[in-house]
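Peer 1: Protein chains in written order, with the numbering used here: chain A, 99 to 464; chain B, 99 to 464. For glycine and all other residues, C-beta sits at the position ideal for the given N, C-alpha and C. Sharing a structure below in structure tokens format, with a few things to ask.
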């Protein structure tokens, strides 16, 4: 009897995961099909086409497709299952590819998802062809241009998604805000990198405007707007999105310092090596006692951050209590988000998916 | 009596210029108003905003607005005077700003329209703020991001132009082709730069696909498609556009070697310093005798192209006859284009404007 109960209960936990993963797979298939067709159209038969036609569509693989999933769940808060809506949601992954390709150039990141970044792949190819000129410079320029194409194709995929004009017209303002915020946010990031450590409140402000909004809240609102959801549903999604987005970013920052390189696909302590003013670094500075504060200052001003410095820095952050405290802040936000969903009037399937996505965003290891 | 005749004839030559310049001014006003509003929306009250809010709209000034003019003339081959069509045409100037901002980074060009390039302005600003990190790197990244914003805003201006959905739907495929070709063409350029001098036919092929099409033919076809022009008008515009676009590029290449720095706003012989495989350089190689060919090869392989090398190179190109021959090719194309317009059934105002634009494209000194 107990085993029958378990078997009966299982689907209610497994079904959202199965459904969500299927949504992710549909978004990948649509995005990849679209990009492959565009790349073939523009690159076939060209010297540089051989690489571009392969590397550009490949760049889509390996993504978590979180943004399209959130957009599609937002859509399902008011709209029926729809291939057109899947395509509209998938357009956000192309937007994400634009941001990743160009950010990696600007931040000088050599790895992306455990593989060479796009500019590194282009640069190696240039070197293999034994062409004259700087292979690094070529790789960076080619990755910027590939990013531009992803930006163009994202909008084209959305416009050609097959959604009705009325639905699209509700989505455009949110889509436009999202893509402009991406560029504006990255510009703000370049400025932040160049200045001294911000305070906790000012950090939270930047974080809300940039990655937090971009990953969860904006995609959810975009999908719900396409579906024509009313103000009550939109307000609930906005609140959920703000909480889960912030928790997602906190988790990202914890992984950027303490993540396992074998799982994250990035070098250990990457954010420390990059001197990123991330939430865990800022929180550690706020929680540090005098001696810890001096030691943090010393580490922040190192000319080269080697493995020893990373391990000393990690230990120091943990000793301030910032690692543990950030974990609590993540759980607090996840709990509040669940309460928002429990109280909201959204279809069961969407509510289950939101609960599952909140867990995935806050308990992930990569 | 003679003076009365002259006074009566004058308007027929002056009117197109007055009308065209007014179109250019209307396009600039629309583009600038749109960009200023977007920049204020995104940058107000930010540390980096002070500069971005000024520099980004300023970047629009000083342009020739050729592409919007061609697009609007294309529109007038089938459509009435319209502010919505002016906005749609102006979107092409924002697309052009995207290309200029990013190309200058990739080509390492410090000057644009006689003023510091966008990345140089951002870089100097970083240095003035005395921030840490590389000012050059910051300038390049900021200019790439400003380019991204122009790319986004171009599409948004077109979509929000006020043209009817039916008109827009005729324009999108051409608009999409144009912006994708910009990125794809720049990628091909990076590859060309890195290889040996192409032959004349292969150069013409690249030139037609890239800048020739982009400046004249595509904008004309785009405007005419928005207006719903029939196949006969489109065919005439395509033929005219191919001829004038190629002549425009030949002229551009002549100015890149022989242009007066005080007029062009670029250093003398800029294309030689950049080792650009431009039409005049390729033609010189084809027309050179054995001794000239050897000397050209020597110049092409110089590690540094100084003022002496530029002046030797200019003399050599002229001595092969390539400078004069390219001038003939330009005039041939301009004459053929005029014949196409004379035979085409387009409104008088559009025909006059096309004749004037052909002259401006082929007889300009900057």
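Ordered along the chain, which non-local residues of its own chain (more than five positions away) have a Cβ less than 8 Å from that of residue 292/B?
Peer 2: Interpretation of residue 292/B is limited by its pLDDT of 47, a score under 50 that renders its predicted location unreliable; no figure is taken from the coordinates.
Peer 1: If we call anything under 9 Å between Cβ atoms a contact, is residue 219/A one with residue 153/A?
Peer 2: yes
Peer 1: Have a look at 247/B, 209/B and 223/B and flag the residue whose alpha-carbon is nearest the alpha-carbon of residue 134/B.
Peer 2: 247/B
Peer 1: Taking 6 Å as the limit between beta carbons, can you name the residues of its chain near residue 368/B, skipping five residues before and five after?
Peer 2: 354
Peer 1: At a Cβ threshold of 9 Å, is residue 153/A touching chain B?
Peer 2: no
Peer 1: When the Cα atoms are used, what is the spatial distance from residue 241/A to residue 283/B?
Peer 2: 14 Å
Peer 1: Nearest chain B C-beta to residue 292/A closer than 9 Å, yes or no?
Peer 2: In this prediction, residue 292/A scores a pLDDT of 48, lower than 50, which makes its location untrustworthy; no coordinate-derived value is stated.
Peer 1: Give me the Cα-Cα distance between residue 347/B and residue 305/B, rounded to the nearest whole angstrom.
Peer 2: 8 Å
Peer 1: For residue 270/B, which residues in chain A fall below 9 Å Cβ to Cβ?
Peer 2: 254, 257 and 258
Peer 1: Alpha helix (DSSP H) containing residue 388/B: first to last residue?
Peer 2: Residue 388/B -> alpha helix (DSSP H) spans 388-398.
Peer 1: Whole-angstrom Cβ separation of residue 386/B and residue 296/B, contact assumed at under 8 Å?
Peer 2: Contact doesn't hold; Cβ gap of about 15 Å is too wide.
Peer 1: Count the CB pairs spanning the region 407-419 of chain A and the region 387-395 of chain A that are closer than 8 Å, and state whether there are at least three.
Peer 2: yes
Peer 1: Are residue 325/B and residue 176/B touching if we call contact CB-CB under 9 Å?
Peer 2: yes
Peer 1: Is the beta carbon of residue 407/B closer than 9 Å to that of residue 370/B?
Peer 2: yes
Peer 1: Taking the DSSP output, what are the residues bridged to residue 210/B?
Peer 2: 213/B
Peer 1: Within this structure, are the beta carbons of residue 141/A and residue 151/A separated by less than 9 Å?
Peer 2: For the 9 Å CB-CB criterion, residue 141/A and residue 151/A form a contact.
Peer 1: Does DSSP classify residue 262/B as helix, strand or coil?
Peer 2: coil
Peer 1: Helix, strand or coil: which one does DSSP assign to residue 121/B?
Peer 2: Helix, per DSSP.
Peer 1: Can you tell which of 428/B, 157/B, 454/B and 379/B has the C-alpha that lies nearest to the C-alpha of residue 439/B?
Peer 2: 454/B
Peer 1: Looking at chain B, is there any beta carbon in it that lies within less than 9 Å of the beta carbon of residue 439/A?
Peer 2: no
Peer 1: Residues of chain A with CB closer than 8 Å to the CB of residue 185/B, please, in chain order.
Peer 2: Per Cβ cutoff of 8 Å: no residues; residue 185/B is ~16 Å from chain A at best.
Peer 1: Flag this pair as yes or no: are the beta carbons of residue 288/B and residue 157/A separated by less than 9 Å?
Peer 2: no
Peer 1: Among the candidates 262/B, 433/B, 399/B and 317/B, whose CA atom is the shortest distance from the CA of residue 231/A?
Peer 2: If we check each option's Cα against that of residue 231/A, 399/B comes out closest.
Peer 1: Let me know the secondary structure DSSP gives residue 402/A once reduced to three states.
Peer 2: Annotated three-state conformation of residue 402/A is coil, per DSSP.
Peer 1: Does residue 356/A come within less than 9 Å of chain B when only Cβ atoms are used?
Peer 2: no
Peer 1: Could you check whether the Cβ of residue 124/A sits closer than 9 Å to any Cβ belonging to chain B?
Peer 2: no
Peer 1: For residue 443/A, does the three-state DSSP call read helix, strand or coil?
Peer 2: coil
Peer 1: So which residues on chain B does residue 332/A lean against when the C-beta distance must stay under 7 Å?
Peer 2: Within chain B, no residue comes near residue 332/A; the closest Cβ sits about 21 Å away, beyond 7 Å.
Peer 1: Taking 9 Å as the cut-off, decide whether the C-beta atoms of residue 337/A and residue 435/A are in contact.
Peer 2: yes
Peer 1: Taking 9 Å as the cut-off, decide whether the C-beta atoms of residue 197/B and residue 245/B are in contact.
Peer 2: yes
Peer 1: So residue 322/A and residue 172/A are in contact, right, with Cβ under 8 Å, and what is the actual spacing, rounded?
Peer 2: Right, their Cβ atoms sit about 4 Å apart.
Peer 1: Assuming residue 312/A is part of the alpha helix (DSSP H), what are its boundary residues?
Peer 2: It is not in any alpha helix (DSSP H) - residue 312/A carries neither H nor E in the DSSP assignment.
Peer 1: Can you find the residues in the same chain that come closer than 8 Å, C-beta to C-beta, to residue 319/B, ignoring five residues on each side of it along the sequence?
Peer 2: 172, 272, 332, 335, 336 and 339
Peer 1: To the nearest angstrom, report how far apart residue 254/A and residue 190/B are at their CA atoms.
Peer 2: About 17 Å.
Peer 1: Count the other C-beta atoms from every protein chain shown that fall within 10 angstroms of the C-beta of residue 100/B, then say buried if there are 16 or more, exposed otherwise.
Peer 2: Low local confidence applies: a pLDDT of 41 at residue 100/B is under 50, so the model's placement there is unreliable, and no value is given.
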